[in-house]
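Q:
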Amino acid sequence: MDFLIGYFGAGNVGDDAILQAYLLKNKNPGKILWNSKKSALNHVEKEKTLDVLKNILLADRIIFPGGGIIQDKTSFSSLLFYTGIIFIASLLKKKVYMLSQSLGPIGHTRSKFFVKVLNNVEVLALREPLSISLAKRLRLKSDIVKEVSDITLTIDFVLPKKEKIFGINLRACEESSRSVQELVIFSERLRGEGFLIRGVAFDKEDERFLKSLPIKFDEIFYGNFINTFRSVAECEVFVATRFHSAVFCTKSLTPFVAIDYDPKVRGFMRQIGLEEYCYKSLSFENLVKFYNNKKFVEKQIALKISELEKLAFKNFEFV
Numbered sequence: 001m002d003f004l005i006g007y008f009g010a011g012n013v014g015d016d017a018i019l020q021a022y023l024l025k026n027k028n029p030g031k032i033l034w035n036s037k038k039s040a041l042n043h044v045e046k047e048k049t050l051d052v053l054k055n056i057l058l059a060d061r062i063i064f065p066g067g068g069i070i071q072d073k074t075s076f077s078s079l080l081f082y083t084g085i086i087f088i089a090s091l092l093k094k095k096v097y098m099l100s101q102s103l104g105p106i107g108h109t110r111s112k113f114f115v116k117v118l119n120n121v122e123v124l125a126l127r128e129p130l131s132i133s134l135a136k137r138l139r140l141k142s143d144i145v146k147e148v149s150d151i152t153l154t155i156d157f158v159l160p161k162k163e164k165i166f167g168i169n170l171r172a173c174e175e176s177s178r179s180v181q182e183l184v185i186f187s188e189r190l191r192g193e194g195f196l197i198r199g200v201a202f203d204k205e206d207e208r209f210l211k212s213l214p215i216k217f218d219e220i221f222y223g224n225f226i227n228t229f230r231s232v233a234e235c236e237v238f239v240a241t242r243f244h245s246a247v248f249c250t251k252s253l254t255p256f257v258a259i260d261y262d263p264k265v266r267g268f269m270r271q272i273g274l275e276e277y278c279y280k281s282l283s284f285e286n287l288v289k290f291y292n293n294k295k296f297v298e299k300q301i302a303l304k305i306s307e308l309e310k311l312a313f314k315n316f317e318f319v
């Protein structure tokens, strides 16, 4: 039996897409760690510690299908939980496979101590170059580190027709907040050119944040990962903050500019050769530059997508 570990079931579109990407290629997943009340027999509630321990004991393999969970920016306790699973699994001689991961940020000295447990895994497949660089700085074993891209790029999404829509994904963070007034001005300029202004949320927190902003959205969308992908793919241009909003733009060949709220976003932009369109906060000038160069951005994405998809499929070679 496999035991799948990740931030699943909490309503985060990116993490739900990661799980589905894995399940599409592996029809018998075994048990799945669930971050809310379980809705299926094979779900194991994260809060039920004894159930989690029991399923680690019963599992043949522990598989992390993807995500950015090995970091201490969100909370140290979250890092401790996931590295604790790896530590217990290694004590029980269970093989651990970490696919499609981002590593970091790791800001505290004590975190670096716990991250050393990653040396016990069979594979640490990292989905962008800044994570690979961090693995080297942390002196993780080079033979376990593999270069991949995000596993959701293996999903065969249906591409809708592009419409005259300016899409915006923001999350509640300092970098997004500093960009809001510039986006108010820029979105009104595009509205004057006939654009519809669409907010796209990747979890409930995003939805609440978008609704609180002075940007005059024509609509704010929050739904499952398939419909969220469609809501991104329909856009002519997009502002991406969440990692998977950038991934969905890339998969759908949607020109986008990114807000650098987390190293994994900058790492992904470097991976696709568009780091110059990744900003700590957006200015009106940044947005105009991007809009005037949207054809170049689209062309660059088109040049990279095949390579990225091949790297994404590499995740499955390790399990």
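Residue 221 in the UniProt record's numbering sits at position 221 of the sequence shown, with consecutive numbering throughout.
Glycine included, every Cβ here is placed at the ideal spot set by N, Cα and C.
With the cut-off set at 9 angstroms, would you say L138 and F64 are in Cβ contact?
A: no
Q: Below 6 angstroms CB to CB, which residues in the same chain sit around R178 once its five sequence neighbours on both sides are set aside?
A: S281
Q: Below 8 angstroms, can you find three or more Cβ-Cβ pairs linking the segment 230-240 to the segment 204-214?
A: no
Q: If you compare alpha carbons, which of S142, G67, M98 and K161 is closest to P105?
A: G67
Q: Would you say A21 and I151 are within 9 angstroms of each other, going by their C-beta atoms?
A: Less than 9 angstroms divides the Cβ of A21 from the Cβ of I151.
Q: Measure the alpha-carbon distance for F59 versus K141 and round it to whole angstroms.
A: According to the sequence as given, residue 59 is Ala; it is not Phe. Approximately 25 angstroms between the Cα atoms of the pair.
Q: Between which two residues does the beta strand (DSSP E) containing Y261 stretch?
A: First-last for Y261: undefined, no H or E at that position.
Q: Hey, is the segment 284-302 in contact with the segment 180-192, meaning 3+ C-beta pairs nearer than 8 angstroms?
A: Yes, they touch.
Q: Looking at the structure shown, is A10 part of a helix, part of a strand, or coil, going by DSSP?
A: coil
Q: What is the residue span of the beta strand (DSSP E) that A240 lies within?
A: V237 to A240
Q: Spatial neighbours of K204 within its chain, please: CB distance less than 8 angstroms, with the 5 preceding and 5 following residues excluded, ordered by chain position.
A: G11 and Y222
Q: By DSSP's criteria, E182 is part of a beta bridge. Which residues make up the other side?
A: Answer is none; E182 lacks a bridge partner.
Q: Specify, as a first and last residue, the run of the beta strand (DSSP E) that F64 falls within.
A: R61 to F64
Q: Beta carbon of V288, beta carbon of I259: below 9 angstroms?
A: no
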